[in-house]
Amino acid sequence: MTSDVQPVDAQRRLSRRPTPEGEGRGGRPTRTTRRSRLWRGVVGVLALGLVLEFVTRIGLVSPTFLPPFTTILGEAVDVVGRQDFQEAVLSTVVSWGAGLALSAAVAIPLGVVLGLSQVSYRATRAVLDLLRPIPPIALIPLVILVMGQGLEMKLVLVVFAALWPILFNTISGVHDVDVKAKEMARSFGFSRLAVIRRVVVPSAAPFIATGVRLSSSIALIVVITVELIAGGASGMGTFVAEARAVGNQTEVVYAGTLLIGVVGLVINLLMGAAERRFFGWHTTKDV
Amino acid sequence: MSVTVPMTATRSAVDAMLQVEGITHVYGQGATAHRAIENLSFTVGPREFVSIVGPSGAGKTTLLRILSGLLTPTEGTVSLVGEPVDGVPEGMAMVFQDYSRSLLPWLSIEKNVMFPLTRTEAGRDERRRIARESLEAVGLADRHDRYPWQLSGGMQQRVAIARALAYRPRLLLMDEPFASVDAQTRSDLEDLVLSLRDRYDMTILFVTHDIDESVYLADRVLVLSRPPAHLVEEIPVPIPHPRDQITTKETDEFVDLRGRVARLIRSGGQPDGGGSR
Ligand SMILES: Nc1ncnc2c1ncn2[C@@H]1O[C@H](COP(=O)(O)OP(=O)(O)O)[C@@H](O)[C@H]1O
Ligand SMILES: [Mg+2]
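Chains as they are written, first to last, in UniProt numbering: chain D, 1 to 287; chain A, 1 to 277.
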């Protein structure tokens, strides 16, 4: 039996993402392009920094509004060392993580049920369509009124905002599950519940993961926003808001904002890497 | 086997592996209703290899879905070793036509083969041992850590067969399993299935629309009519084993049998053999 042995490499060369095998042959070109993209990004940031530095040094902009880039960088290093800032980072990351986890815990089971049952989907459709367009920021006063300004308030708002990508991705992921795969599992005597656990959820997992990645960015935006405008909550947003309110700490405001950006970038990179690591099979399966 | 069957029944019905009685299946209702199967009855004996041939759209897949308990027929009963089939029965495995869609892309080949065993008592090591043995039986032991999309169509179908073998079925249902692989691979897979039948002591019900294939593999060929499907004729295939892809197909007996099956299919169930109408 040799006729059906196709060159596996030919198939793999077509794959756009690294294979979950981890041998890396299929993955190498992609990894190289990703690295060169990273370098281009670094060069871009450096160029922007140079321009900002130049503009402030020649006095085109008042340092009260925009301190020189090197000053901001120096300040950022100082800020990173401050304990109150470290606590703020922890508080923000905990709110983000807990909010995202809660969103997933609500949206994934709900999405599986709505994805599997046309009846329940149609029944809830109107409610979902009504809730979804409400900007979560608009709910801040209401939620503060009901829950005060603590972690719960942040979590409620984060969940309300971050729920949707996970929910709708789960629903379409579940819709996308091959009926043949489900039928195969049933033909081997798996119960309906086992088919959901063993076939439906794993098959929809790449969609769900994409939803979680999208929700992760939204969750961070909402956490920071809530911290910025709803003073009482602690976090990086609160840190920046206070630096602005308490005296003219322009450098600290810039440094804090820069660091929020860095934390956001790190979170996004980690989520993207995790998605590629665990769900690489998805983009390659139908090559 | 203490199955109570009338004495007038045929030999194979006395100790039937599978007994199909008066199956009718209608899809839909009212004006859009489609009669897929009409009063179909047949019996398959233990260790028998039975081919079912019929034109495309005859209702062959519908029949297999009924036999495997995935679909409840409008009328009629199915019994496996005397027990009426109600839901998915134990001891029955199915190999689907659409191999690439029936394999799970997020599992390695070995994990795919282990998949049906995760429901059974077998421990992890035992499951792995059975999976390795099944993969070895289809000649894919060295690919166990690959993923389905890294294999060719013929290899994917062999994985699907290994998965069915790992389940240790008494009855193996195969739905046009080789319809979309190339001719050489198809011959190889046909011989593989014949050898596995002996090695694993299975009863096989093999659906195909390929006349040569139906005769080459089977002990008996069931010819279905155009829809709604009913049994046109049962043709025993008394060609001895082992069979050979070249020499068996050259024998007068084979040529004769394939001619008979072809004529029956062309007539579509009309006894006068008059083609359409
Ligand atoms: N779920 C279904 N609903 C309605 N009609 C169906 C369904 N499945 C199959 N059919 C119809 O039943 C007939 C027989 O289909 P099938 O059993 O797949 O035939 P075969 O496998 O012999 O080609 C076809 O006309 C097909 O369109
Ligand atoms: Mg079919």
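Where is the CB? At the ideal position from N, CA and C, for every residue including glycine. Here the structure is a predicted model, which means the values were calculated and not measured.
Considering only C-alpha positions, which residue in the set the options is nearest to residue i?
i, options, result
"Leu142/D", "Leu130/D, Val156/D, Pro133/D, Asp129/D", "Val156/D"
"Gly45/A", "Thr61/A, Tyr27/A, Asp15/A, Leu71/A", "Asp15/A"
"Val179/D", "Ala58/A, Arg128/A, Leu70/A", "Leu70/A"
"Gly54/A", "Thr247/A, Asp244/A, Ala229/A, Pro236/A", "Ala229/A"
"Val215/A", "Arg243/A, Asp188/A, Pro105/A", "Arg243/A"
"Phe239/D", "Gly99/D, Gln83/D, Met184/D, Gly148/D", "Gln83/D"
"Lys111/A", "Ala218/A, Gly91/A, Ile130/A", "Ile130/A"
"Ile37/A", "Gln19/A, Thr61/A, Leu264/A", "Thr61/A"
"Gln19/A", "Gly30/A, His34/A, Leu40/A", "Leu40/A"
"Leu73/D", "Gly49/D, Val55/D, Thr210/D, Arg277/D", "Gly49/D"
"Arg244/D", "Thr56/D, Thr64/D, Val43/D", "Thr64/D"
"Ala33/A", "Arg168/A, Pro227/A, Thr203/A", "Pro227/A"
"Arg246/A", "Asp201/A, Gly268/A, Arg263/A, Gln184/A", "The sequence shown places Ile at residue 246/A, not Arg. Closest option to Ile246/A, Cα to Cα, is Gln184/A."
"residue 296/D", "Thr33/D, Pro202/D, Ile144/D", "The requested residue 296/D is not part of the displayed model; chain D covers only 1 to 287."
"Gly189/D", "His25/A, Ser68/A, Phe42/A, Gln156/A", "Ser68/A"
"Val85/A", "Val263/D, Ile134/D, Ser187/D", "Ser187/D"
Please determine whether the Cβ atom of residue i lies at a distance below 7 Å from any heavy atom of ligand 1.
i, result
"His34/A", "yes"
"Ser102/A", "no"
"Ala31/A", "no"
"Ser187/D", "no"
"Gly76/A", "no"
"Ser56/A", "yes"
"Gly28/A", "yes"
"Pro109/D", "no"
"Pro227/A", "yes"
Cβ-heavy atom distance between residue i and ligand 2 below 7 Å?
i, result
"Thr61/A", "yes"
"Gln97/A", "yes"
"Asp175/A", "yes"
Thinking C-beta only, is residue j closer than 8 Å to residue i?
i, j, result
"Val138/A", "Leu103/A", "no"
"Leu193/D", "Leu110/D", "no"
"residue 330/D", "Asn169/D", "Outside the shown range of chain D, which is 1 to 287, sits residue 330/D, and nothing can be said about it."
"Leu107/A", "Phe96/A", "no"
"Leu80/A", "Pro73/A", "no"
"Ser225/A", "Ala58/A", "yes"
"Leu205/A", "Leu165/A", "no"
"Pro68/D", "Thr250/D", "no"
"Ala162/A", "Leu192/A", "no"
"Trp96/D", "Leu220/D", "yes"
"Asp138/D", "Gly99/D", "The amino acid occupying residue 138/D in the given sequence is Ala; Asp does not appear at that position. No, the pair does not count as a contact, with Cβ atoms beyond the cut-off."
"Thr248/A", "Ile235/A", "no"
"Thr92/D", "Ile229/D", "no"
"Asp212/A", "Arg258/A", "yes"
"Leu189/A", "Gly153/A", "no"
"Ala126/D", "Val174/D", "no"
"His209/A", "Ser56/A", "yes"
"Leu173/A", "Leu64/A", "yes"
"Gly76/A", "Ile109/A", "no"
"Leu130/D", "Tyr121/D", "no"
"Ile196/D", "Ile108/D", "no"
"Val79/D", "Gly256/D", "yes"
"Gly82/A", "Arg170/A", "no"
"Asp175/A", "Val50/A", "no"
"Pro165/D", "Gly237/D", "no"
"Val199/D", "Val112/D", "no"
"Trp149/A", "Pro177/A", "no"
"Val106/D", "Val159/D", "yes"
"Arg132/A", "Ala141/A", "yes"
"Thr203/A", "Glu48/A", "yes"
Taking a Cβ distance cut-off of 7 Å, strictly less, list which residues of the region 161-184 of chain D are near chain A, in chain order. Asp178, Lys180, Ala181, Glu183, Met184
Listed in chain order, which residues of the region 202-213 of chain D have Cβ atoms closer than 7 Å to some Cβ of chain A? Pro202
Interface positions of the region 261-276 of chain D facing chain A (Cβ-Cβ less than 7 Å), listed along the chain: none
Mind checking the region 60-83 of chain A against chain D and listing, in chain order, the residues whose C-beta falls within less than 9 Å of any C-beta there? Arg65, Ser68, Gly69, Leu70
Mind checking the region 84-116 of chain D against chain A and listing, in chain order, the residues whose C-beta falls within less than 7 Å of any C-beta there? none
Listed from N- to C-terminal order along the chain, which residues in the region 99-115 of chain A have their beta-carbon within a distance smaller than 9 Å of any beta-carbon of chain D? Ser100, Arg101, Ser102, Leu103, Leu104, Pro105, Trp106, Leu107, Ser108, Phe115
If the cut-off is 8 Å on Cβ atoms, which residues from the region 113-147 of chain A count as contacting chain D, listed in chain order? Phe115, Pro116, Thr118, Arg119, Gly139, Asp145, Arg146, Tyr147
What are the residues of the region 186-199 of chain D that lie near chain A, defined by any Cβ-Cβ distance shorter than 8 Å? Arg186, Ser187, Phe188, Gly189, Phe190, Ala194, Arg198, Val199
Taking a cut of 8 Å between CB atoms, which residues from the region 163-179 of chain A lie near chain D? Tyr167
Any residues in the region 28-49 of chain A with a beta carbon nearer than 8 Å to a beta carbon of chain D? Which ones, in chain order? none
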